[in-house]
Amino acid sequence: MFKHIQTLLILFRDKAGSVKICAPQTSLLGFNLMIVGLDIGASLAKGILLDKDLNIADKRVLPVEKPEDAAKKILKFFLEKGGYKRPIAMVAASGGGSRFLGDSFLGLPIRRVNEIRAIGLGGLILANKSEGLVVSAGTGTAIVAAYDNGSLIRHVCGTAVGGGTIMGLSRRILGVADFNVLEDMALKGNTNNVDLTVGDIVGGPIGIVPAEATASNLGKLTCESRNEDIAAGIFNMVSQAIGVIAAMAAKAYRLEDNVILVGMLAKSRIISKTICETAELFGAKVIVPENCEFANALGAAAIALKEMGSQ
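Quick note: the sequence shown uses my numbering, first residue 912, plus one each step.
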């Protein structure tokens, strides 16, 4: 798929266990080398270890305090676990935190990749589609239209609503700062106790919206509301907002049958289900591919390889 990769610095461990630098190679295809894709986000760093055909060998997710520290931990994990038996030739980095990485890191060359392009191509690869609307739900949410196997990628829109919204509200209202604890609470809650439905307001369905649909997120919230219900309401509000925006964007770009949900929020037991149901209500079909949280990292690696092959 990728040809004539430019000269690379390659690390390996010899039989005595010492780290060595081998002679530069002019092509990646002739060697059993690995590539790391990094997505350094606002809250989490995602790393993925791939072979030259983009097969996943390993993956890692860590919280971000300092971007360079998170990147270092991920790379050291891959290097130490792999024992340099399959040398890492390159690191493709994307996400806001990638700007803090230099041209090399831990002796490995760094190639920075535009995040929008990485999201678009990574989503297509994971979903095995030639075109789609890729919805990347993380701390915030980015929406990207990708066509022609990723040759044409457009930044459609986004929303500041995302995982950061969930965690910020939860810390302030519930005193909970752990996403997994919060999700367990939400699973025990009932949104009908904190949300106003269409049926509550008009007595039944209206237009294309059924009576049980939400009319006002947290519209019933009171000082006596249970914490579990509040948690459920917060999850519902964020998920529904993303689902509606995704559906409208998909229709505008004629991709309503190919909406691809990726990002860390897509891993949530509650959020992915609610986004899919909300988007479907407005005529869009959403899929959540395996390894959805690594779309950006995977896309970065694929783009870096392709760009190097064209040089």
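C-beta: ideal position from N, C-alpha, C; glycine also.
Predicted model, so just to flag it, every value in this text is computed and none were measured.
| Asked | Found |
| --- | --- |
| Any 3 or more C-beta pairs closer than 8 angstroms across the region 1128–1136 and the region 1160–1175 | no |
| Cα-Cα separation, residue 1045 to residue 1210 | 12 angstroms |
| Beta carbon of residue 1206 nearer than 7 angstroms to that of residue 1170 | no |
| Inter-stretch contact (C-beta, 8 angstroms, three-pair minimum) for the region 942–953 and the region 998–1018 | yes |
| Where the beta strand (DSSP E) containing residue 1009 begins and where it ends | It is not in any beta strand (DSSP E) - residue 1009 carries neither H nor E in the DSSP assignment. |
| Beta strand (DSSP E) runs wholly inside the region 1087–1141, at least 3 long, in chain order | 1125–1127 |
| Exposure label - residue 1119; buried when at least 16 CB within 10 Å | exposed |
| Inter-residue Cα distance where the pair is residue 983 and residue 974 | 12 angstroms |
| First and last residue of the uninterrupted alpha helix (DSSP H) at residue 1078 | 1074–1084 |
| At least three beta-carbon pairs within less than 8 angstroms, the region 1134–1153 to the region 1174–1188 | yes |
| Rounded straight-line distance, which links the Cα of residue 1054 to that of residue 977 | 26 angstroms |
| Contact the region 1102–1121 vs the region 1066–1078: 3+ CB pairs below 8 angstroms | no |
| Bridge partners - residue 1015, DSSP secondary structure assignment | 1020 |
| Reduced DSSP secondary structure (H/G/I, E/B, other) of residue 971 | strand |
| Under the three-state DSSP convention, the category residue 1181 falls into | coil |
| Alpha helix (DSSP H) segment containing residue 1063, residue limits | No alpha helix (DSSP H) holds residue 1063; the beta strand (DSSP E) holding it covers 1063–1070. |
| Close beta carbons around residue 1212, own chain, < 6 angstroms, minus the five adjacent residues each side | 946, 948, 961, 1003 |
| Minimum C-alpha distance to residue 1176 - residue among 1114, 1049, 1010, 1035 | 1049 |
| Collapsed DSSP secondary structure at residue 1172 in the structure displayed | strand |
| Assumed close pair residue 1142, residue 1097 - CB separation to whole angstroms, cut-off 8 angstroms | 4 angstroms |
| Residue 1211 - DSSP class collapsed to helix/strand/coil | helix |
| Identity of the residue in 963, 1078, 1038, 1035 nearest residue 1216 by Cα | 963 |
| Collapsed DSSP secondary structure at residue 1199 in the structure displayed | coil |
| Sequence-distant residues of the same chain with beta carbon closer than 6 angstroms to residue 1093, five excluded per side | 1081, 1087, 1142 |
| Bridge partner(s) assigned by DSSP for residue 1003 | 948, 1022 |
| Buried/exposed call for residue 1140, threshold 16 Cβ in 10 Å | buried |
| Residues near residue 1047 by beta carbon distance below 6 angstroms, same chain, minus five either side | 1030, 1053, 1173, 1174 |
| Touching by the beta-carbon criterion (3+ pairs, under 8 angstroms), the region 1036–1044 and the region 1013–1023 | no |
| Closest Cα partner of residue 1028 within the set 1199, 987, 1063 | 1063 |
| Classification of residue 971 by the beta-carbon crowding that lies within 10 angstroms, buried from 16 upward | buried |
| Separation of residue 1138 from residue 1057, as counted between CA atoms | 40 angstroms |
| Alpha carbon of residue 1158 to alpha carbon of residue 1024, nearest angstrom | 27 angstroms |
| Same chain only: Cβ atoms within 8 angstroms of residue 879, ignoring 5 sequence neighbours per side | Shown here, the chain extends from 912 to 1222; a query on residue 879 therefore has no answer. |
| Closest by C-alpha distance to residue 986, when choosing among 1100, 1180, 1020 | 1020 |
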